[in-house]
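The opening residue of the sequence shown carries number 139 in this note's numbering; numbering runs sequentially from there. Just so it is clear, CB atoms sit at the ideal spot from N, CA and C, and this is done for glycine as well. Single-structure report; data block below.
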Amino acid sequence: ELCDTATVIINVEQDQLPPDIYNVATDKDTLIYEVDDVMISASVKDSIPIFDVSLHVAEGGKSNFQAFTLYNINAQSSPFDENSMDKRYVDVEQLIDKNLITLNGLQYYFKAKDILGFGAESGLSSIPIKIPEGTISIDECIPGDKWVLLSIPSNLDNKAIEAVFYNSFGKIDKSSFVIYTYENGNSVEATSIEPGKSYFIYKKGDPVCDFSLGSGIINNVDTLEWILEPGWNFVGNPYPFSFFIGNTSQIEYCGPLTYTGVNAWSSVIDTVKSFAGYIICNKADTTRTFRVGITPITSSGGQIANLYNGIYSFDKEGEWNAKVNFYTESERDADINNNAGFHPQALNEYDEFDNPAEPYTPDGDYRIRFDWIYKHEANGFEYPLRDDIRTLDQGEGLWYGLLKAKEKLINIAVDVQGNLKEGHELILFDLSNQERFDLIKKSRHQLKNENKTDLGKRIYLIYGDRSWVDAKITELTNMIPKRFVLNENYPNPFNPITTIKYEIPKNGNVRLAIYNIIGQEVITLVNTEQWAGKYSVRWNGTNQYGNQVATGTYFYVLKTNNNQSIKKMLLLK
Numbered sequence: 139e140l141c142d143t144a145t146v147i148i149n150v151e152q153d154q155l156p157p158d159i160y161n162v163a164t165d166k167d168t169l170i171y172e173v174d175d176v177m178i179s180a181s182v183k184d185s186i187p188i189f190d191v192s193l194h195v196a197e198g199g200k201s202n203f204q205a206f207t208l209y210n211i212n213a214q215s216s217p218f219d220e221n222s223m224d225k226r227y228v229d230v231e232q233l234i235d236k237n238l239i240t241l242n243g244l245q246y247y248f249k250a251k252d253i254l255g256f257g258a259e260s261g262l263s264s265i266p267i268k269i270p271e272g273t274i275s276i277d278e279c280i281p282g283d284k285w286v287l288l289s290i291p292s293n294l295d296n297k298a299i300e301a302v303f304y305n306s307f308g309k310i311d312k313s314s315f316v317i318y319t320y321e322n323g324n325s326v327e328a329t330s331i332e333p334g335k336s337y338f339i340y341k342k343g344d345p346v347c348d349f350s351l352g353s354g355i356i357n358n359v360d361t362l363e364w365i366l367e368p369g370w371n372f373v374g375n376p377y378p379f380s381f382f383i384g385n386t387s388q389i390e391y392c393g394p395l396t397y398t399g400v401n402a403w404s405s406v407i408d409t410v411k412s413f414a415g416y417i418i419c420n421k422a423d424t425t426r427t428f429r430v431g432i433t434p435i436t437s438s439g440g441q442i443a444n445l446y447n448g449i450y451s452f453d454k455e456g457e458w459n460a461k462v463n464f465y466t467e468s469e470r471d472a473d474i475n476n477n478a479g480f481h482p483q484a485l486n487e488y489d490e491f492d493n494p495a496e497p498y499t500p501d502g503d504y505r506i507r508f509d510w511i512y513k514h515e516a517n518g519f520e521y522p523l524r525d526d527i528r529t530l531d532q533g534e535g536l537w538y539g540l541l542k543a544k545e546k547l548i549n550i551a552v553d554v555q556g557n558l559k560e561g562h563e564l565i566l567f568d569l570s571n572q573e574r575f576d577l578i579k580k581s582r583h584q585l586k587n588e589n590k591t592d593l594g595k596r597i598y599l600i601y602g603d604r605s606w607v608d609a610k611i612t613e614l615t616n617m618i619p620k621r622f623v624l625n626e627n628y629p630n631p632f633n634p635i636t637t638i639k640y641e642i643p644k645n646g647n648v649r650l651a652i653y654n655i656i657g658q659e660v661i662t663l664v665n666t667e668q669w670a671g672k673y674s675v676r677w678n679g680t681n682q683y684g685n686q687v688a689t690g691t692y693f694y695v696l697k698t699n700n701n702q703s704i705k706k707m708l709l710l711k
């Protein structure tokens with residue numbers, strides 16, 4: 139007999155298709171905690187008989203799903219008939235008792251398999267849980283007299299600041315308790331609380347140990363979504379449980395980071411904790427969604443390696459990373475995880491291997507702060523960085539950073555990983571004190587910070603052979619004058635513009651002003667803090683109102699914290 143081979147091929151292909159799970163539904167849109175049971179149902183169909191169907195449920199943040207077998211072909215009352223269509227369509231349902239539903243919410247999925255063993259899973263779903271007031275509370279004290287980054291693990295019914303915090307924190311008052319959010323690169327006072335966002339709070343006085351939440355809803359416990367604008371975003375945990383997010387690509391993002399007990403931003407975290415706040419930087423130029431499946435049913439693909447989980451293979455000579463940490467002498471405050479180094483895929487200009495400096499606390503204050511400084515070649519602007527990674531093709535490198543601290547002694551701890559070239563040195567150089575620290579021989583050092591200014595201290599990381607390093611240090615040292623100098627203006631006499639040059643040997647306040655013959659101030663040309671160095675200022679013969687001054691003799695006076703000098707000049711017309 140002849141056989142229709144086309145029909146045979148089509149049937150084989152159809153038999154390889156898994157069951158189709160559809161019409162997944164619940165009999166309630168929202169469950170009231172400790173009150174409601176829920177019926178979960180679905181329909182399953184296949185081109186061949188279905189072997190079994192099961193429902194799997196778990197609380198949010200958990201991976202130990204409880205299985206309910208809803209259909210099995212061997213358990214049917216009628217014998218199996220391969221030609222029967224009844225076994226190819228199945229409607230199933232399961233009642234989930236309220237005792238299985240916790241504050242963490244309820245997540246579930248269906249599994250189905252046909253008689254040939256081809257299986258399918260529905261997508262992971264969750265049901266919103268309505269929680270009463272006082273049900274969710276933090277399990278640790280919120281410290282007083284320091285900034286704390288906090289998120290609220292619920293979609294609250296009343297999101298007003300007073301409603302959320304008043305019972306535990308008292309009245310929102312700048313003298314006792316403040317709360318800020320972060321918008322468009324700036325800290326602004328928060329007016330409401332939103333799930334998935336974080337907030338800086340500061341409470342004066344005693345810690346708060348009895349913080350609980352009002353009524354609200356726990357929902358979407360199957361997938362975390364953060365909508366991220368370009369740059370830094372303040373994000374939080376919208377759930378009352380902690381969960382693992384894995385390794386976040388530091389090529390696409392920077393972070394997530396949290397604010398630590400030493401008032402410093404952390405290294406990149408892989409676990410999001412309840413009530414904790416975080417920051418994450420979106421390196422793209424457009425808004426995008428950071429999405430994480432909280433409880434993956436099957437293993438996911440590999441993550442892009444990053445600086446913190448293996449971006450450095452360290453299998454090439456000259457590939458290395460230095461993590462520089464700065465601490466106050468008491469080590470109660472710090473600025474940590476400042477990375478510099480070489481990578482074969484990185485560029486010398488700003489690229490995806492570099493990360494911007496973290497935001498300040500809302501008051502802009504700090505006990506200690508360090509940033510690498512990147513100068514853009516095209517526009518000349520300087521940008522603070524957390525991570526400054528260069529191309530591996532360079533044999534030498536010089537990184538410039540800015541350290542600001544309010545204590546006289548600063549502890550430095552450096553973790554160097556990788557393969558430094560043989561014969562190369564890695565030196566941290568404090569330009570203000572002209573002191574060098576060998577990071578290969580010793581990982582911990584102490585830096586003097588006696589001349590404290592708002593400018594901070596210029597710190598350099600220098601890598602190269604000894605002669606190159608010595609030459610760079612000599613070049614940097616020559617930037618610092620040996621003594622205080624006010625030079626003669628040039629030209630003198632002048633009309634209408636003259637140049638005044640001066641040199642200051644220490645960082646500090648500098649004031650350069652012009653006076654007339656009777657001692658009246660005409661104009662202030664400089665009145666700010668300046669680095670130790672050499673400066674040049676032009677005066678165009680106008681007063682503070684922009685009006686041209688008369689012909690005659692004038693005096694220019696240069697004052698610093700410890701020195702003063704006066705010189706005379708003549709304006710001719």
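Within the continuous alpha helix (DSSP H) that includes residue i, where are the two ends?
i	result
W606	604-615
A301	299-307
Would you call the CB atoms of residue i and residue j closer than 8 Å?
i	j	result
D509	G539	yes
I506	I548	yes
A422	P368	yes
L558	I578	yes
N477	K461	yes
N571	K590	no
P482	L530	yes
S264	L294	no
K335	T319	yes
G384	D408	yes
S275	S350	yes
N420	R426	yes
P345	I280	yes
L599	L566	yes
T698	G646	yes
K542	Y504	yes
G556	E457	yes
K225	I170	no
Bridge partners for residue i per DSSP, in chain order?
i	result
K118	Because the chain is modelled from 139 through 711, residue 118 falls outside the range shown and cannot be assessed.
E560	The partner list for E560 (beta bridge, DSSP) is empty, contrary to what the question assumes.
I355	K268, N293
K513	E520
F137	No answer is possible for residue 137: it lies beyond the span of the chain, which begins at 139 and ends at 711.
P494	L523
P668	Here the sequence assigns Gln to residue 668, which means Pro is not the residue at that position. Paired residue(s): G646.
A402	According to DSSP, which records beta bridges pairwise, A402 is partnered with nothing at all.
R226	In DSSP, R226 forms no bridge with anything.
V326	T319
N371	I418
Going by DSSP, what residue range makes up the beta strand (DSSP E) through residue i?
i	result
Y673	671-677
N647	646-653
N375	Looking at the DSSP string, N375 is not in any beta strand (DSSP E), and its letter there is neither H nor E.
G479	472-481
I317	315-321
Y171	Premise fails: Y171 is in no beta strand (DSSP E) and is neither H nor E.
G415	415-420
K341	336-341
W458	458-466
G684	Counting along the chain, G684 falls outside any beta strand (DSSP E), and DSSP gives it neither H nor E.
N210	204-210
T427	426-431
Spatial neighbours of residue i within its chain, please: CB distance less than 7 Å, with the 5 preceding and 5 following residues excluded, ordered by chain position.
i	result
V664	V648, R649, L650, V675
I365	T425, T427
R621	P643
L593	N645, E667, W669
Could you confirm whether any beta carbon from chain C is found closer than 8 Å to the beta carbon of residue i?
i	result
K454	Checking the listed chains, one finds no chain C in this structure; it contains a single protein chain.
Leaving out the 5 sequence neighbours to the left and right, which residues in its chain are closer than 8 Å to residue i when beta-carbon positions are compared?
i	result
G671	M617, I618, P619, E641, I642
N681	V660, I661, V687
L155	D184, S185, F256
Below 6 Å CB to CB, which residues in the same chain sit around residue i once its five sequence neighbours on both sides are set aside?
i	result
M712	It is not possible to answer for residue 712, since the shown part of the chain is limited to 139 through 711.
T240	E197
M707	N627, N630, Y692
Q668	V648
T436	Annotation note: pLDDT 41 at T436 (below 50); position unreliable, coordinate value reported separately. Closer than 6 Å at Cβ, skipping near neighbours: no residue.
(request) Tell me, please, whether the stretch 462-472 touches the stretch 513-524 by the rule of three or more beta-carbon pairs shorter than 8 Å. (result) These segments do not touch.
(message) Within 8 Å, do at least three Cβ pairs link the stretch 319-333 to the stretch 371-380?
(response) yes
(request) Take every Cβ of the stretch 263-281, pair it with every Cβ of the stretch 200-208, and state whether three or more of those distances are shorter than 8 Å. (result) no
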